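*Asks:* Provided herewith is a single structure, encoded as structure tokens, for subsequent inquiry.
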Amino acid sequence: MSKQPPANNILATAKFGRVMDALQERCSWVLAREMLSSKNIKPGLGWADLVARGEKGDSEGALISSLFRTFFWDYVVAGKRHIQLYDLPDDVWLQISKELSTASVQHSVFMTSYPLPLSQPALTTAPVDQTLCEIRTLPNDEYQLVFCSSRSFEESLTLERKTSPAVMAAVDQAIPGYSRLIAYKQQWVQAFDVISFRPKLGRVEVALDMNNRGMNFDEEAFSLKLLAATKAVLPSIAPIYTGQIPMDLFAAINEIYKSRSSSELKIIDTNFRTPSGALNRGKMPSAEDDIRDEDFHRNGVAGIKKEIRVGGLVVAWEFHYPPGSAKTKLWTRISLAAGQNPNLYSMEVFDAAKDGDISQACTKIVKFL
Amino acid sequence: MRKEELLRQIYAVWREGDEFSLSVAIIELIQKFPSVRHMPMTRFQQLARENSLTKDPYLSQRVVQYLCGADSPVLNIGAELIEEDDEVYQLKADELRLAVNHKLHPLTGEIDETLADRIFVYFYPSEFIKDILAKDAEK
Amino acid sequence: MSERQTLGEFHAAMASVPGGARFIERISASSFEQFISLLHEDINDIVREMEANPDHHQNSDEDGLTYFVEALLKQRSYRASKGARSGGSIDLTVTGRLEGFSWIAEAKIFTSIAAVREGFLQLHTRYRCADIEKAKVGMLVYIKREHPRRLMDEWRGELKKMDLIDLSFLPCPTRPQTAFLTIHSPTHSDIATETRHVSVSLYHKPLDKSGRRAKKYKGR
Chain D
449 MSKQPPANNI
459 LATAKFGRVM
469 DALQERCSWV
479 LAREMLSSKN
489 IKPGLGWADL
499 VARGEKGDSE
509 GALISSLFRT
519 FFWDYVVAGK
529 RHIQLYDLPD
539 DVWLQISKEL
549 STASVQHSVF
559 MTSYPLPLSQ
569 PALTTAPVDQ
579 TLCEIRTLPN
589 DEYQLVFCSS
599 RSFEESLTLE
609 RKTSPAVMAA
619 VDQAIPGYSR
629 LIAYKQQWVQ
639 AFDVISFRPK
649 LGRVEVALDM
659 NNRGMNFDEE
669 AFSLKLLAAT
679 KAVLPSIAPI
689 YTGQIPMDLF
699 AAINEIYKSR
709 SSSELKIIDT
719 NFRTPSGALN
729 RGKMPSAEDD
739 IRDEDFHRNG
749 VAGIKKEIRV
759 GGLVVAWEFH
769 YPPGSAKTKL
779 WTRISLAAGQ
789 NPNLYSMEVF
799 DAAKDGDISQ
809 ACTKIVKFL
Chain Z
69 MRKEELLRQI
79 YAVWREGDEF
89 SLSVAIIELI
99 QKFPSVRHMP
109 MTRFQQLARE
119 NSLTKDPYLS
129 QRVVQYLCGA
139 DSPVLNIGAE
149 LIEEDDEVYQ
159 LKADELRLAV
169 NHKLHPLTGE
179 IDETLADRIF
189 VYFYPSEFIK
199 DILAKDAEK
Chain C
184 MSERQTLGEF
194 HAAMASVPGG
204 ARFIERISAS
214 SFEQFISLLH
224 EDINDIVREM
234 EANPDHHQNS
244 DEDGLTYFVE
254 ALLKQRSYRA
264 SKGARSGGSI
274 DLTVTGRLEG
284 FSWIAEAKIF
294 TSIAAVREGF
304 LQLHTRYRCA
314 DIEKAKVGML
324 VYIKREHPRR
334 LMDEWRGELK
344 KMDLIDLSFL
354 PCPTRPQTAF
364 LTIHSPTHSD
374 IATETRHVSV
384 SLYHKPLDKS
394 GRRAKKYKGR
């Protein structure tokens with residue numbers, strides 16, 4: 449359960465349209481609809497319609513505006529994440545907690561609009577290194593540090609004669625004989641990377657933001673950068689990542705596959721190898737169906753006496769208490785899965801609406817280790 | 069309701085028309101493959117050909133409209149959005165309605181003029197027909 | 184056609200069958216208002232089909248005509264039953280796949296104002312909708328005589344004389360020339376109930392030479 453944003457937070461006073469523009473960049477409409485349905489509010493006709501309703505001065509508008517400002521606050525640390533897990537020894541936590549009590553956020557360009565992202569022009573000159581923007585206190589003695597950074601990616605556009613005759617005519621003049629032009633544009637997004645300390649669960653979560661479309665980066669390098677940025681604030685974290693490697697999650701893959709399908713856990717995608725060497729993929733289009741119950745898959749697995757080596761799976765989780773949902777992807781490359789001692793040091797969590805969903809997803813995975 | 073009663077009910081609507089014959093063929097297909105979950109329209113057109121039914125190109129459409137209805141709810145309609153990356157998203161009933169009437173993309177929440185080209189319709193048996201055929205199997 | 188049919192292709196093909204253009208809307212209707220709006224459009228289609236072929240219905244009695252409507256509604260994804268009980272023997276009860284959406288109607292051949300009046304009174308004093316909070320009902324008035332509009336105007340006039348509580352008239356947005364709406368509060372519920380009065384013109388007396396000579400048209 450996340451706290452409400454502080455009353456003087458930019459989020460509380462910003463124009464609703466701006467909040468929703470920022471949310472739309474990072475969040476799927478599916479989650480937004482689920483949020484509305486959970487409060488018995490009609491989803492209407494998409495983001496534009498929702499913004500118009502939220503900007504109205506009536507009671508529904510006020511409700512929508514308040515709901516989504518809180519949702520945005522929760523979503524800053526959730527959504528789609530690349531996660532590494534580290535053990536958190538009690539003695540290390542003792543030192544970190546002391547440092548946390550005196551840690552503070554320094555001013556940076558991000559703070560001029562946090563938690564809303566900076567505009568595109570501002571992002572072109574904003575820091576690319578992770579910069580501390582918030583220290584969140586959570587229930588159960590947990591803490592989160594939120595780091596912002598500017599990341600860029602190339603967005604491409606393909607132009608052809610049929611759809612862009614004027615442009616292609618100009619291309620023909622300049623460089624005759626080409627039938628297609630691919631143009632690239634640099635786009636900038638603001639990443640909200642999170643490091644979470646969960647002492648009662650004995651772990652640290654390093655969660656990189658993967659919410660913006662087009663985000664593509666070296667997760668390994670950025671995870672280390674995030675830990676290094678955290679060390680600048682909390683020096684006692686050093687032993688966490690210098691003295692250990694992230695939790696190896698590989699064993700959880702086969703343990704989850706062997707478990708019973710239930711309302712809480714559905715495997716919706718998997719890659720596996722049979723004893724005869726065939727590489728297979730099994731995927732269900734709906735998160736309500738478990739691939740293990742599908743006739744073709746089940747009969748095939750039974751036919752080889754269940755001797756499959758699972759190299760990856762995507763699980764749709766439905767948490768009963770506290771209620772929530774998320775999906776986890778633990779996926780190895782076939783070349784690694786087939787090796788003698790395969791390992792997997794990270795996973796993806798996605799479709800998580802709030803921190804509690806991320807935390808529960810991680811806890812579920814760890815239980816299978 | 070038992071299978072014979074259902075067939076009588078369907079006959080009462082279509083009488084000797086090919087619609088009745090195709091409805092029976094669909095029910096028997098479901099009976100033969102009880103775990104079938106994905107039947108595109110082309111499967112019904114193939115059934116019509118296999119049963120030497122009329123060359124009316126819209127026979128399957130009339131039958132599907134009836135079998136998805138309240139009188140003899142044998143079929144449910146499903147729809148999948150398949151984007152360029154081959155990711156499949158199954159639309160819920162109201163998402164399908166919004167996609168048809170407003171071109172609202174269920175994932176982006178934006179109006180998408182070409183959305184209908186990436187949504188694919190299929191049909192699957194209802195709990196109603198599964199119960200009826202299960203009773204029939206007990207006989 | 185490829186194995187997979189896109190929604191666009193499916194919708195275009197469905198539009199080629201009666202009622203098919205509204206198929207997806209109909210089976211995914213999630214509110215009573217949607218259900219009613221679609222049902223009215225479908226009934227309009229059925230009425231148009233009957234009016235386009237009045238010669239097919241000359242020998243049908245009230246039951247026969249209503250059975251025809253019932254069958255066409257079933258083909259359009261509804262459950263429709265003629266003579267289903269709802270406090271009495273209602274002429275037509277129509278429901279969708281979702282629970283709780285139902286519409287009842289009384290059907291009468293316009294033999295006289297008194298006959299139509301009796302049908303209206305049966306509808307509003309004998310029968311009950313499944314949910315009186317969603318009270319929208321219908322009158323189907325089959326007219327095998329000339330000048331159907333004049334007859335419907337007479338019927339309007341008769342309604343005004345009937346001491347109905349809080350009676351008001353509204354135009355029918357989809358068939359303004361041949362249908363109208365009334366709203367009144369029946370004494371059994373005191374809840375404003377909308378009745379859609381739809382005329383179905385089935386007068387058929389061809390005036391060409393063979394029509395004038397044909398025995399079956401004599402006396403019409």
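Protein chains in written order, with the working numbering: chain D, 449 to 817; chain Z, 69 to 207; chain C, 184 to 403. By construction, the Cβ of each residue, glycine as well, lies at the ideal position given by its N, Cα and C atoms. Predicted model only: the values in this text are computed from it and were never measured.
Counting C-beta neighbours from all protein chains within 10 Å, is the total for residue 775 of chain D 16 or more, i.e. buried, or is it exposed?
*Replies:* Residue 775 of chain D is buried by the Cβ-count criterion.
*Asks:* Can you check whether the C-beta of residue 197 of chain C is within less than 8 Å of a C-beta belonging to chain Z?
*Replies:* Output row for residue 197 of chain C: interface = yes.
*Asks:* Name, please, each residue of chain D whose Cβ falls closer than 7 Å to the Cβ of residue 176 of chain Z.
*Replies:* 477, listed in chain order.
*Asks:* Quick one: what's got a C-beta closer than 6 Å to residue 666 of chain D's C-beta in the same chain, skipping five residues either side?
*Replies:* No residues qualify anywhere along the chain.
*Asks:* Please confirm if residue 166 of chain Z has its CB atom under 8 Å from at least one CB of chain D.
*Replies:* So, interface residue.
*Asks:* Taking 8 Å as the cut-off, decide whether the C-beta atoms of residue 466 of chain D and residue 523 of chain D are in contact.
*Replies:* No.
*Asks:* According to the Cβ coordinates, are residue 492 of chain D and residue 178 of chain Z closer than 8 Å?
*Replies:* Against a cut-off of 8 Å, the Cβ pair of residue 178 of chain Z and residue 492 of chain D comes out as no contact.
*Asks:* Between which residues of its own chain and residue 237 of chain C is the CB-CB distance below 6 Å, once the five residues before and five after are set aside?
*Replies:* Excluding positions up to five away in sequence, the list reads 385 and 387.
*Asks:* Taking just the CA atoms, how far does residue 596 of chain D sit from residue 568 of chain D?
*Replies:* Their backbone Cα atoms lie some 14 Å apart in a straight line.
*Asks:* So, is residue 193 of chain Z buried or exposed, given that buried needs 16 or more other C-beta atoms within 10 angstroms?
*Replies:* Residue 193 of chain Z comes out buried.
*Asks:* Just mark residue 109 of chain Z as buried or exposed, buried being the case when its beta carbon has 16 or more other beta carbons within 10 Å.
*Replies:* By the 10 Å Cβ count, residue 109 of chain Z comes out buried.
*Asks:* Going straight from the alpha carbon of residue 733 of chain D to that of residue 572 of chain D, what length do you get?
*Replies:* If you take the alpha carbons of residue 733 of chain D and residue 572 of chain D, they lie about 39 Å apart.
*Asks:* Less than 8 Å between CB atoms is the rule here; does residue 194 of chain C satisfy it with respect to chain Z?
*Replies:* Judged by the 8 Å Cβ criterion, residue 194 of chain C is in contact with chain Z.
*Asks:* Within 8 Å of any Cβ in chain Z, is that where the Cβ of residue 188 of chain C sits?
*Replies:* So yes, residue 188 of chain C belongs to the interface.
*Asks:* Would the stretch 74-85 of chain Z and the stretch 134-152 of chain Z be scored as touching if the rule is three or more Cβ pairs under 8 Å?
*Replies:* Output reads yes: the stretch 134-152 of chain Z touches the stretch 74-85 of chain Z.
*Asks:* By the three-class DSSP mapping on this structure, what secondary structure does residue 557 of chain D have?
*Replies:* Residue state, collapsed to three classes: helix.
*Asks:* In chain Z, which residues lie with their C-beta within 7 Å of the C-beta of residue 734 of chain D?
*Replies:* Under the 7 Å cutoff, chain Z gives 158.
*Asks:* Would you decide whether residue 634 of chain D is buried or exposed? Buried here means 16 or more other CB atoms lie within 10 Å of its CB.
*Replies:* The residue in question, residue 634 of chain D, is exposed, as its Cβ has fewer than 16 Cβ neighbours within 10 Å.
*Asks:* Report the neighbours of residue 172 of chain Z on chain B: residues whose CB is nearer than 8 Å to its CB, in chain order.
*Replies:* In summary, chain B is missing from the structure at hand, where the protein chains are D, Z and C.
*Asks:* Starting from residue 743 of chain D, find everything on chain Z with Cβ-Cβ shorter than 7 Å and list it in chain order.
*Replies:* Going along chain Z in sequence order, the residues near residue 743 of chain D (Cβ under 7 Å) are 103.
*Asks:* Kindly indicate if chain Z contains any beta-carbon less than 8 Å away from that of residue 287 of chain C.
*Replies:* Answer no: the Cβ-Cβ gap between residue 287 of chain C and chain Z never drops below 8 Å.
*Asks:* Alpha helix (DSSP H) containing residue 169 of chain Z: first to last residue?
*Replies:* Element bounds for residue 169 of chain Z: 161-170.
*Asks:* How far does the alpha helix (DSSP H) with residue 543 of chain D in it reach, from first residue to last?
*Replies:* Run containing residue 543 of chain D: 538-550, per the alpha helix (DSSP H) assignment.
*Asks:* Would you call the stretch 610-618 of chain D and the stretch 642-662 of chain D touching, i.e. three or more CB-CB distances under 8 Å?
*Replies:* As far as the Cβ criterion goes, the stretch 610-618 of chain D does not touch the stretch 642-662 of chain D, which means the pair count is below three.
*Asks:* Which bits of chain D does residue 148 of chain Z rub up against, with CB to CB less than 7 Å?
*Replies:* Going along chain D in sequence order, the residues near residue 148 of chain Z (Cβ under 7 Å) are 733.
*Asks:* When DSSP builds the beta bridges, which residues end up paired with residue 367 of chain C?
*Replies:* The partner list for residue 367 of chain C (beta bridge, DSSP) reads C:376.
*Asks:* Could you say if the stretch 672-682 of chain D and the stretch 581-599 of chain D meet the contact criterion of at least three C-beta pairs nearer than 8 Å?
*Replies:* The stretch 672-682 of chain D vs the stretch 581-599 of chain D: in contact.
*Asks:* For residue 653 of chain D, count neighbouring Cβ atoms within 10 angstroms of its own Cβ and tell me buried if that reaches 16, exposed if not.
*Replies:* Under this definition residue 653 of chain D is a buried residue.
*Asks:* What are the residues in the stretch 127-146 of chain Z lying within 7 Å of chain C by C-beta distance?
*Replies:* Correct list: 129, 130, 133, 134, 136, 137, 138, 139, 141 and 145.
*Asks:* What residue range does the alpha helix (DSSP H) around residue 805 of chain D cover?
*Replies:* Unbroken alpha helix (DSSP H) run through residue 805 of chain D: 803-815.
*Asks:* Cβ of residue 179 of chain Z less than 8 Å from any chain D Cβ?
*Replies:* With 8 Å as the cut-off, residue 179 of chain Z counts as an interface residue toward chain D.
*Asks:* Where do the ends of the alpha helix (DSSP H) carrying residue 613 of chain D lie?
*Replies:* Note, residue 613 of chain D: alpha helix (DSSP H), 613-622.
*Asks:* Taking only the alpha-carbon atoms, compute the straight-line gap between residue 486 of chain D and residue 601 of chain D and give it to the nearest angstrom.
*Replies:* The alpha-carbon atoms of residue 486 of chain D and residue 601 of chain D are separated by roughly 35 Å.
*Asks:* Kindly list, in the order they appear in chain Z, the residues whose Cβ is closer than 7 Å to that of residue 480 of chain D.
*Replies:* Going along chain Z in sequence order, the residues near residue 480 of chain D (Cβ under 7 Å) are 177.
*Asks:* At a cut of 8 Å, does the stretch 789-809 of chain D reach the stretch 78-98 of chain Z through at least three beta carbon pairs?
*Replies:* With the cut-off at 8 Å, the stretch 789-809 of chain D and the stretch 78-98 of chain Z do not touch.
*Asks:* Against residue 109 of chain Z, what residues of chain C qualify as contacts under a CB-to-CB distance less than 7 Å, listed in chain order?
*Replies:* 188 and 193, listed in chain order.
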